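J.: Can you keep this structure in mind? I'll have questions shortly.
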Amino acid sequence: MELDDDVNVELSQGVIEGYERHALKGLDYPAVIPQPGSQVRGVIGYNITDEQVKKLDIFEGDEYAREKVQAWDEHKQKHVTVNAYVWTGDKSVLLDQDWNFDQFVQTKMANWISEEMKQTEGIGNRFWNPSEVEKIRNTA
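If you want it as structure tokens, here you go:
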């Protein structure tokens with residue numbers, strides 16, 4: 001998936017309450033499902049265009065539904081409404097363990113990034129380059 005590099009996308013650390021993240025049996029990517037009393041840490045993206053959201057919808061596919069949820073932006077220290085992709089796929093593949101982002105970056109991410117994105121200096125590079133991933137992790 002390619003997002004336009006000329007858009008000033010801002011990233012911030014965030015938390016959504018009432019959801020939990022799971023690793024999926026035999027799959028590289030995670031599932032986020034509703035779960036009262038739980039929370040999911042992640043990255044909030046600002047200034048994402050409608051066209052980019054459409055591309056994200058296509059990338060996430062039929063196993064996820066885009067839902068508006070409340071998140072706590074740790075950098076801005078306020079609640080914001082965000083889109084979250086909530087798992088609607090087969091519940092039998094949910095593992096009783098959290099998905100490990102660091103392990104994904106180290107062992108699986110290269111399989112998911114197009115060659116064009118690997119060469120991109122803008123937003124694509126943020127999600128491919130390990131030092132850029134570390135910057136995202138430390139945004140707050």
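Just so you know, we're using full-length UniProt numbering here: the sequence shown kicks off at 1 and counts up by one. By construction, the Cβ of each residue, glycine as well, lies at the ideal position given by its N, Cα and C atoms. On a predicted model such as this, the values are computed, not experimentally measured, just so you know.
Which whole-angstrom value is the C-beta distance of residue 40 and residue 67, which I expect to be below 8 Å?
T.: The sequence position of residue 40 within the sequence shown is 40, counting from 1. The sequence position of residue 67 within the sequence shown is 67, counting from 1. In fact, because the Cβ distance is near 13 Å, the residues do not count as touching under 8 Å.
J.: For residue 16 and residue 87, which I take to be in contact (beta-carbon distance under 8 Å), what is that distance rounded to the nearest angstrom?
T.: For the purposes of this step, residue 16 is identified with residue 16 of the sequence shown, where counting begins at 1. For the purposes of this step, residue 87 is identified with residue 87 of the sequence shown, where counting begins at 1. That belief does not hold up - the Cβ atoms of residue 16 and residue 87 are roughly 13 Å apart, past 8 Å.
J.: Which residues mark the beginning and the end of the alpha helix (DSSP H) in which residue 40 is found?
T.: The sequence position of residue 40 within the sequence shown is 40, counting from 1. Per DSSP, residue 40 belongs to no alpha helix (DSSP H); it is in the beta strand (DSSP E), 31-46.
J.: Pair every Cβ in the segment 51-62 with every Cβ in the segment 103-114, then say whether three or more of these pairs are closer than 8 Å.
T.: No, because fewer than three Cβ pairs between the segment 51-62 and the segment 103-114 fall closer than 8 Å, the two stretches do not touch.
J.: Taking all protein chains shown into account, do 16 or more other C-beta atoms lie within 10 angstroms of the C-beta of residue 128, making it buried, or fewer, making it exposed?
T.: Taking the first residue of the sequence shown as position 1, residue 128 is located at position 128. Bear in mind that the predicted position of residue 128 carries a pLDDT of just 49, short of 50, making it too unreliable to give a figure here.
J.: Comparing C-alpha positions only, which one of 85, 14, 113 sits nearest to residue 30?
T.: Residue 30 sits at position 30 when you count from the first residue of the sequence shown. Of 85, 14, 113, the residue nearest in Cα terms is 85.
J.: Could you give the distance in angstroms between the alpha-carbon of residue 60 and the alpha-carbon of residue 89?
T.: Locating residue 60 in the sequence shown gives position 60, counting from the first residue. Locating residue 89 in the sequence shown gives position 89, counting from the first residue. About 11 Å.
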